[in-house]
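K.L.:
Structure below; questions to follow.
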Amino acid sequence: MSLEPPIQTQHQRRGSIQADGRRQKVRVADVAGRFTTWRRRAFVLLIAVYALAPLVKVGGQPLILIDLVRRRFYLFGQTFNAQDAWLLFFLVAGGVIGIFVITAIWGRLWCGWACPQTVFLEGVFRPIERWLEGSKQAQLRLAKEPLRGRKLRILATKHALYLGAAVLVSNIFISYFVSYADLRRWIFESPGEHWGAFVWMAAITGALYGNFAWFREQTCLLLCPYGRLQSALTDDDSLVIGYDERRGEPRGGVHQAGAGDCIDCLRCVEVCPTAIDIREGLQMECIGCANCIDACDDIMTRLGRPTGLVRYDSLAGLEGAARRRWLRPRVYLYLVVLALLAGGFSVAAAGRRPFEATLIRQTGAPYALENGYYQNLYQVHLVNKTPRRSQFELRAILPEGAEAVLPIASVELDSLDDQRLPLIVRVPQASYRGGFTVQVETRDLGSEAVVRSQLDFIGP
Numbered sequence: 002m003s004l005e006p007p008i009q010t011q012h013q014r015r016g017s018i019q020a021d022g023r024r025q026k027v028r029v030a031d032v033a034g035r036f037t038t039w040r041r042r043a044f045v046l047l048i049a050v051y052a053l054a055p056l057v058k059v060g061g062q063p064l065i066l067i068d069l070v071r072r073r074f075y076l077f078g079q080t081f082n083a084q085d086a087w088l089l090f091f092l093v094a095g096g097v098i099g100i101f102v103i104t105a106i107w108g109r110l111w112c113g114w115a116c117p118q119t120v121f122l123e124g125v126f127r128p129i130e131r132w133l134e135g136s137k138q139a140q141l142r143l144a145k146e147p148l149r150g151r152k153l154r155i156l157a158t159k160h161a162l163y164l165g166a167a168v169l170v171s172n173i174f175i176s177y178f179v180s181y182a183d184l185r186r187w188i189f190e191s192p193g194e195h196w197g198a199f200v201w202m203a204a205i206t207g208a209l210y211g212n213f214a215w216f217r218e219q220t221c222l223l224l225c226p227y228g229r230l231q232s233a234l235t236d237d238d239s240l241v242i243g244y245d246e247r248r249g250e251p252r253g254g255v256h257q258a259g260a261g262d263c264i265d266c267l268r269c270v271e272v273c274p275t276a277i278d279i280r281e282g283l284q285m286e287c288i289g290c291a292n293c294i295d296a297c298d299d300i301m302t303r304l305g306r307p308t309g310l311v312r313y314d315s316l317a318g319l320e321g322a323a324r325r326r327w328l329r330p331r332v333y334l335y336l337v338v339l340a341l342l343a344g345g346f347s348v349a350a351a352g353r354r355p356f357e358a359t360l361i362r363q364t365g366a367p368y369a370l371e372n373g374y375y376q377n378l379y380q381v382h383l384v385n386k387t388p389r390r391s392q393f394e395l396r397a398i399l400p401e402g403a404e405a406v407l408p409i410a411s412v413e414l415d416s417l418d419d420q421r422l423p424l425i426v427r428v429p430q431a432s433y434r435g436g437f438t439v440q441v442e443t444r445d446l447g448s449e450a451v452v453r454s455q456l457d458f459i460g461p
């Protein structure tokens with residue numbers, strides 16, 4: 002056994018952004034282990050979920066779709082139009098509070114395991130790079146070669162595949178905002194028939210290509226606010242990836258006397274997709290991917306030492322706490338707010354009318370005198386908010402002496418279609434005694450739901 006003293010730890014700030022602001026390209030070394038295996042399986046599942054979710058139908062309607070073309074959205078088979086946009090408050094606020102809950106309990110598990118940025122980068126683009134360029138060492142050697150021959154062929158093939166993958170991911174993204182029928186038509190028709198849609202697709206494809214081919218981890222570090230939020234959302238009991246300093250320090254060689262279990266091999270740094278050193282404590286750049294755990298466990302296993310020097314734990318656990326508190330006051334608070342939002346959305350959605358029938362006055366003079374009758378011109382704006390084609394019947398309710406002319410008293414509308422139906426109300430000049438209320442009753446013949454709308458009759 003060596004009598005040399007353990008290594009004096011030099012705390013060094015690492016990462017892809019250098020002290021002068023320049024970016025250092027991150028090349029991630031290969032890693033294998035239980036978490037890597039589970040993440041790869043999760044990526045396959047999540048790519049399928051992200052790609053197929055817009056195609057799933059519930060009751061004949063999309064599972065999820067925000068149809069920007071027709072200004073409507075679908076959620077779990079329910080149909081909503083622009084008049085229901087206020088319901089999005091509950092969904093957006095619920096999503097934000099849901100992130101608070103996930104972060105408070107599981108830290109940045111979302112970032113490392115389920116975020117689309119991570120899923121497509123680590124599940125599609127990085128494997129393409131490794132397949133063509135090889136390991137980290139092979140990539141470094143290739144980078145030093147002149148740009149010709151073999152290197153040129155590899156880079157051309159890689160970026161062609163990147164571009165193709167970006168097109169596919171772009172269409173997956175667009176499918177959440179455009180109906181499948183429209184998207185399919187745009188794909189197979191000439192771009193000249195829908196230049197606007199083509200430009201949007203090209204712009205999104207270009208942004209995704211630039212992101213996954215070049216910008217990569219910088220999206221997480223510079224653009225996404227989640228990393229900065231974690232300092233406010235996590236506490237000593239939140240699940241994080243950490244280094245057991247009590248066990249690992251002081252760092253030293255394999256056989257050095259008095260050294261901890263960490264041999265300062267830097268394997269945890271080499272496999273990190275944001276190039277940080279997890280031994281320097283909880284950092285904004287850590288996305289919780291567990292690459293460093295698998296890398297360190299592999300080294301510990303080879304040395305015959307216990308695994309878990311780097312592990313999923315809480316800050317309290319890393320300091321020696323006997324047990325971790327999953328449920329804490331802040332988590333209870335988040336869950337209460339989340340339950341209130343879910344309840345509010347459920348009540349609001351359940352109380353939503355299956356259709357809207359609004360009586361509005363036509364533009365122009367408020368009234369007219371024709372052939373001895375005072376008359377007002379109205380429109381009934383009818384919107385079918387049900388997920389099916391429905392037939393509606395209209396009836397005017399007026400005081401004695403008033404007459405109604407409904408040229409279209411019955412109409413069929415497809416789901417979320419609307420139509421303006423004319424209504425003329427007139428009163429004989431001789432019997433007119435002042436204004437009164439005009440009421441229109443609209444009935445859905447399928448569900449027997451009734452909506453009544455009213456407006457004043459105006460005269461001299």
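Our numbering puts the first residue of the sequence shown at 2, with every later residue one more than the last. Ideal Cβ positions, reconstructed from N, Cα and C, are used throughout, including at glycine.
1. With HIS382 and ILE361 assumed to form a contact (beta carbons below 8 Å), what rounded beta-carbon distance in angstroms separates them?
2. Rounded to whole angstroms, what's the CA-CA distance from ARG325 to ALA144? Just pull it up for me.
3. In the DSSP assignment, the alpha helix (DSSP H) including GLN79 goes from what residue to what residue?
4. Mind listing, in chain order, the continuous beta strand (DSSP E) runs of no fewer than 3 residues lying wholly within the segment 311–391?
5. Along the beta strand (DSSP E) that carries ALA405, what are the first and last residues, could you check?
6. Leaving out five residues on either side along the sequence, give the residues of the same chain with a beta carbon under 8 Å from the beta carbon of ILE103.
7. Determine the contact status of LEU184 and SER176, defining contact as a CB-CB distance below 9 Å.
8. Rounded to the nearest angstrom, what separates GLY60 and PHE77 at their Cα positions?
9. Mapping DSSP to helix, strand and coil, what is ARG151?
10. Measure from the alpha carbon of THR438 to the alpha carbon of each residue in SER432, SER454 and SER448, then state which is nearest.
11. Using 9 Å as the threshold, is the C-beta distance between PHE121 and VAL170 below it?
12. Kindly indicate which residue of LEU446, VAL451, ARG248 and GLN430 has the alpha-carbon position closest to the one of ILE459.
13. Can you give me the C-alpha to C-alpha distance between PHE189 and LEU64, rounded to a whole angstrom?
14. Could you round the C-beta distance between ALA349 and LEU88 to whole angstroms and report it? I think they count as a contact, below 8 Å.
15. By the three-class DSSP mapping on this structure, what secondary structure does VAL255 have?
16. Nearest-angstrom Cα distance between GLN363 and ARG427?
17. With which residues is PHE174 paired in a DSSP beta bridge?
18. Which term fits SER391, buried or exposed, when burial requires 16 or more other beta carbons within 10 angstroms of its beta carbon?
19. Could you pull the start and end residues of the alpha helix (DSSP H) that ARG35 belongs to?
20. Per DSSP, which one or two residues make a beta bridge with GLY243?
21. Taking only the alpha-carbon atoms, compute the straight-line gap between PRO423 and VAL50 and give it to the nearest angstrom.
22. For a quick check, are the C-beta atoms of LYS386 and PHE346 less than 9 Å apart?
23. Whole angstroms are fine: how far does the CA of MET285 sit from the CA of LEU240?
24. Could you give the DSSP three-state label for ALA139: helix, strand or coil?
25. Compare the Cα-Cα distances from VAL32 to each of VAL272, LEU319, ARG306 and VAL332 and report the closest residue.
26. How do the segment 252–269 and the segment 123–136 stand: do at least 3 beta-carbon pairs fall below 8 Å, yes or no?
27. Where does LEU4 fall in DSSP's three states?
28. Alpha carbon to alpha carbon, what distance is there between VAL57 and PHE393?
29. Candidates TYR335, ARG40, ARG396 and ALA450: which alpha carbon is nearest ALA94's?
30. Given a threshold of 16 other Cβ atoms within 10 Å of its Cβ, counted over all protein chains shown, does PRO226 qualify as buried or as exposed?
31. Residues in its own chain within less than 8 Å of ARG329 by CB, not counting five upstream and five downstream?
32. Check ALA276 in the structure and name its three-state DSSP category.
33. In angstroms with no decimal places, state the Cα-to-Cα distance between VAL70 and LEU46.
34. Tell whether a beta-carbon distance below 9 Å holds between VAL384 and LEU414.
P.N.:
So, from the listed chains and residues:
1. About 6 Å separates the two Cβ atoms, so the contact holds.
2. The straight-line gap from Cα to Cα measures roughly 46 Å.
3. Counted as a single uninterrupted DSSP element, the stretch harbouring GLN79 is not any alpha helix (DSSP H) but the beta strand (DSSP E) occupying residues 79–82.
4. Correct list: 311–314, 356–362, 369–371 and 374–385.
5. Counting along the chain, the beta strand (DSSP E) containing ALA405 begins and ends at 404–406.
6. Contacts found: LEU110 and TRP111.
7. In terms of Cβ geometry, LEU184 and SER176 form a close pair [threshold 9 Å].
8. Rounded to whole angstroms, the gap between the alpha carbons of GLY60 and PHE77 is 9 Å.
9. In the three-state reduction of the DSSP assignment, ARG151 falls in the helix class.
10. SER454 is the residue among SER432, SER454 and SER448 whose C-alpha sits nearest the C-alpha of THR438.
11. Cβ atoms of PHE121 and VAL170: closer than 9 Å.
12. Ranking LEU446, VAL451, ARG248 and GLN430 by Cα distance to ILE459 puts GLN430 first.
13. Cα-Cα distance, rounded: 24 Å.
14. Approximately 6 Å separates the beta-carbon atoms of ALA349 and LEU88; this is inside 8 Å, confirming the contact.
15. In the three-state reduction of the DSSP assignment, VAL255 falls in the coil class.
16. Distance between the alpha carbons of GLN363 and ARG427: 14 Å.
17. Answer by DSSP bridge pairing: none, since PHE174 is not bridged.
18. Looking at its Cβ environment, which holds 16 or more other Cβ atoms inside 10 Å, SER391 is buried.
19. Per DSSP, the continuous alpha helix (DSSP H) segment holding ARG35 begins and ends at 35–53.
20. ARG312.
21. Between PRO423 and VAL50, the C-alpha separation is close to 46 Å.
22. When the beta-carbon positions are compared, LYS386 and PHE346 stay at least 9 Å from each other.
23. Looking at the two C-alpha atoms, the distance is approximately 14 Å.
24. Residue state, collapsed to three classes: helix.
25. Among VAL272, LEU319, ARG306 and VAL332, the Cα nearest to that of VAL32 belongs to VAL272.
26. No, they do not touch.
27. Low confidence applies here, because LEU4 scores a pLDDT of 46, under 50, leaving its location unreliable; read the following figure in that light. In this structure, LEU4 counts as coil in the three-state DSSP scheme.
28. Rounded to the nearest angstrom, the two C-alpha atoms are 29 Å apart.
29. Measuring C-alpha to C-alpha distances from ALA94 to each of TYR335, ARG40, ARG396 and ALA450 identifies TYR335 as the nearest.
30. Per the 10 Å Cβ criterion, exposed.
31. Taken in chain order, the residues that qualify are ALA105, ASP236 and ASP238.
32. Coil, per DSSP.
33. Cα-Cα distance, rounded: 30 Å.
34. Cβ distance < 9 Å, so VAL384 and LEU414 count as in contact.
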